[in-house]
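Undergrad: Residue numbers (my numbering): 723 to 1121.
I have a structure here, written as structure tokens, and I will follow up with some questions on it.
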């Protein structure tokens, strides 16, 4: 058996940058947006375009054939996709972060076998009730149910988190604390439940899935945010999964809000209110509101990008401390909430036009409201940062 490190398969070197490729996809995503919402999944034409443009390996280590993009470039890419379709952007962010951070803690050959192909992807879900991973010789026996597997209808691999138990049921300890691992397995090994009936982000097809007593080999069970197991040392993997997820999901909400604000501006340029003989564009209140919404959204985006650049630079130089992590944590939470406010304001300002399927507001507003409910946007993160700033005892979460 050849023990040498095998090269990763690659696509032809792209001529355009990742954000440019994302912007080039916008007409296709626009064309299929309503259909993806109706079908509750990304359509094959869009999946094929994502693979052809290497959109599922943006954060994957270069050693595995990935782009290993600087985080700011990834944020701009996700934002550009979200401008056209939030469900596709959500899938792109979820799959990229999940596969990259898992691969960075897996043995090279195992990671290459899982993620070296440009079209495989990885879907990940939150725990749904109890799960169990029993330590056995050579690996684990995994059982449990997880939900919100965004894009899971189009990926080869699924992933799940679980605490590890010893065969006698006691918690397994590693590195001086309870062992909690990420498990990677074939989608075909899971039982998928078609239960994604929701307000917005319908195109993600974020189904629930279950495995029962599934053997997972050690090589497919990384502790993806444990320093002791991280094989890749680049800035992305130093930052860890939580901040990468947060930066990407914030970028989704910013792209959504930008599209809704632009739709409001276009409407105001040509519409007359029923309550006035004047065009909306001549209304002083509307002029003021549009200006302030532009400032609000631009400020949130600038804040996110400034902290992304700062955190990435610190990670590259081995200096990303708790303070740096807290600053990016705050920027992502703040940005998601500011973007949500802009989306709501644009929808309300459009009046009855906003409820029409034929107008560009209704579906995107549902997407924006669904994105606003994600854990990454919850104000508990701001409270945690506030405690840090004040020097109050802080039981630090995974940031």
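All C-beta atoms, glycine included, are put in the ideal place defined by N, C-alpha and C.
Quick check for students: name the residue ranges of the beta strand (DSSP E) that lie wholly in the region 862-936, counting only runs of 3 or more.
TA: 879-887, 902-908, 913-915
Undergrad: Measure from the alpha carbon of residue 797 to the alpha carbon of each residue in 843, 1060, 1094, 1030, then state which is nearest.
TA: 1030
Undergrad: Going by DSSP, name the residue or residues bridged to residue 802.
TA: Per DSSP, none; premise fails for residue 802.
Undergrad: Could you give the DSSP three-state label for residue 1114: helix, strand or coil?
TA: coil
Undergrad: Do you know offhand how far residue 876's Cα is from residue 906's?
TA: 15 angstroms
Undergrad: Of all the options 833, 822, 971, 886, which has the alpha carbon lying nearest to the alpha carbon of residue 1100?
TA: 971
Undergrad: Are the region 789-807 and the region 969-987 touching by the rule of at least three beta carbon pairs closer than 8 angstroms?
TA: yes
Undergrad: Just the C-alpha distance for residue 1027 and residue 1006, rounded to the nearest angstrom, thanks.
TA: 32 angstroms
Undergrad: Thinking C-beta only, is residue 1090 closer than 8 angstroms to residue 1019?
TA: Cβ distance not < 8 angstroms, so residue 1019 and residue 1090 don't count as in contact.
Undergrad: Figure out for me which residue from 881, 785, 1095, 925 has the closest Cα to the Cα of residue 807.
TA: 925
Undergrad: Residue 939 bridges to which residues according to DSSP?
TA: 861
Undergrad: Between the C-alpha atoms of residue 947 and residue 804, what's the straight-line distance to the nearest angstrom?
TA: Taken atom to atom, the span from the alpha-carbon of residue 947 to that of residue 804 is near 27 angstroms.
Undergrad: What are the start and end residues of the alpha helix (DSSP H) that includes residue 1090?
TA: 1084-1094
Undergrad: Let me confirm a value: residue 1113 is counted as buried when at least 16 other C-beta atoms fall within 10 Å, else exposed. Which label applies?
TA: exposed
Undergrad: Do the CB positions of residue 740 and residue 791 come within less than 8 angstroms of each other?
TA: yes
Undergrad: What are the boundary residues of the beta strand (DSSP E) that residue 1033 is part of?
TA: Careful: residue 1033 lies outside any beta strand (DSSP E), inside the alpha helix (DSSP H) at 1006-1038.
Undergrad: Using C-beta distances below 7 angstroms, list every residue in its chain close to residue 846, excluding the 5 sequence neighbours before and after it, in chain order.
TA: 816, 820, 871, 881
Undergrad: At the level of alpha carbons, what is the spacing between residue 912 and residue 957?
TA: 33 angstroms
Undergrad: By DSSP, does residue 968 sit in helix, in strand, or in coil?
TA: helix
Undergrad: Measuring straight from C-alpha to C-alpha, what distance separates residue 775 and residue 789?
TA: 11 angstroms
Undergrad: Answer with buried or exposed for residue 1079, where buried requires no fewer than 16 other C-beta atoms within 10 angstroms of its C-beta.
TA: exposed
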